[in-house]
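Residue 200 in this note's numbering is what sits at position 193 of the sequence shown, and the numbering runs on without skipping anything.
Every residue gets a Cβ at the ideal spot worked out from N, C-alpha and C, and that includes glycine.
First the structure, in the form of structure tokens, and then the observations on it.
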Amino acid sequence: MTWDNHFAVMVFPYLLKGLQVTIIATLCSFALAVCLGLAIAVLEKITRGPIFFLISSVTHFIRGTPLLVQLFFLYYLLPYANITLPAFGCGILGFGVHYATYLSNVYKSGIEAIPVLQWEVSKACNFSPFQTWRYVILPQAIRPVLPVLGNYFIALIKETPLLSSISVMEMMGEASLFGDMHYRYLEPITMVGVLFLALGMVARGCVGSMTRILGVLREKDDHSASSLKGPYENSKMDPSENLIS
């Protein structure tokens, strides 16, 4: 089978339509995963006993089962419980919940990196638990893990072809349908691969830019912190020497 430029031109508009679905599904799923993952991480930190065990068990179960099985469960089995969601909604929910369980671990690593002194100072300042999380813990915990979240975003993009298994016509679904109609798959599948490569490169570039910006901000924060040090913190002189007359 040889490459047919005319056929490639024919299939390209269909792939662009699928590309729009892929991008929207990726953004919506990742937004859900980011918010839900943060909620899971905080709940696992503040809960104890049966509630902690329940949350931990559910997240381990979701991480331990294939995403495709979870999509099939939402799309084919929920109607038996009189819960019917559109295919696109099932895809967003499935991807969002699945990736939220992974992002929760990322958030937890950032939270656990916060020194215990930060919690103690917040308590000494009479901050409420909400104020402690909102103004002290989360701003420090989230910034360092943003590049890792970006890597999961790229991974999510590459898994969106699974949506075609539940009738969501993203790029792979459009390519398969067009190939079935014309009994020709070389051009559609190859072009899908190229488009996914381009999409991944754009996402990787955005993640890289974000990482560099965070590095610059961290350097500025370190510089500001060092400029606020006392005169004796930047020198090896013993402050007690000044007390000797």
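Leaving aside the five residues before and after residue i along the sequence, list all residues of the same chain whose C-beta is less than 6 Å from its C-beta, in chain order.
i, result
"Y192", "G186"
"S111", "G44, I47, A48"
"E248", "Only weak support exists for where E248 lies, its pLDDT of 46 falling under 50; the value from the coordinates is given anyway. Nothing meets the Cβ criterion."
Using only the alpha-carbon positions, how far apart do residue i and residue j sit?
i, j, result
"S135", "R211", "39 Å"
"V18", "L145", "46 Å"
"A40", "L153", "13 Å"
"I121", "Q77", "34 Å"
"E51", "Y190", "51 Å"
"P151", "H13", "48 Å"
"I53", "V214", "31 Å"
"L75", "W140", "35 Å"
"G180", "G157", "25 Å"
"P86", "E127", "49 Å"
"L221", "V155", "12 Å"
"S216", "L34", "18 Å"
"A205", "T29", "13 Å"
"L84", "V223", "49 Å"
"C132", "Q138", "10 Å"
"I196", "A88", "37 Å"
"S183", "T218", "36 Å"
"F79", "V209", "30 Å"
"F68", "I161", "23 Å"
"L124", "K130", "10 Å"
"P57", "G25", "44 Å"
Going along the chain, which residues of its own chain have a beta-carbon closer than 8 Å to the beta-carbon of residue i, five neighbours each way excluded?
i, result
"A32", "F95, G98, I99, F102, T167, L170, V175, E177"
"S172", "L75, L78, F79"
Near residue i, what residues of its chain come up, given a Cβ to Cβ distance below 7 Å and the 5 sequence neighbours on each side ignored?
i, result
"Y142", "none"
"M8", "L193"
"G117", "A148, I149, P151, V152"
"F59", "E51"
"D11", "E194"
"T72", "none"
"T66", "I47, T108, S111"
Below 8 Å on the Cβ atoms is my contact criterion, and I expect residue i with residue j to pass it. Report the Cβ-Cβ distance as a whole number of Å.
i, j, result
"L202", "L22", "6 Å"
"S63", "L163", "Contact doesn't hold; Cβ gap of about 23 Å is too wide."
"Y114", "R70", "Y114 to R70, Cβ: 14 Å. No contact."
"G207", "K165", "7 Å"
"M198", "A15", "6 Å"
- prompt: Can you list, in chain order, the stretches of the alpha helix (DSSP H) that have 4 or more residues and sit fully within the segment 92–165?
  reply: Entirely contained in the segment 92–165, the alpha helix (DSSP H) runs reaching 4 residues are, in chain order, 94–119, 123–131.
field: Whole alpha helix (DSSP H) elements within the segment 40–99, 4-residue minimum
entry: For the segment 40–99, the continuous alpha helix (DSSP H) assignments of 4+ residues that do not extend past its boundaries occur at 56–71, 74–79, in sequence order.
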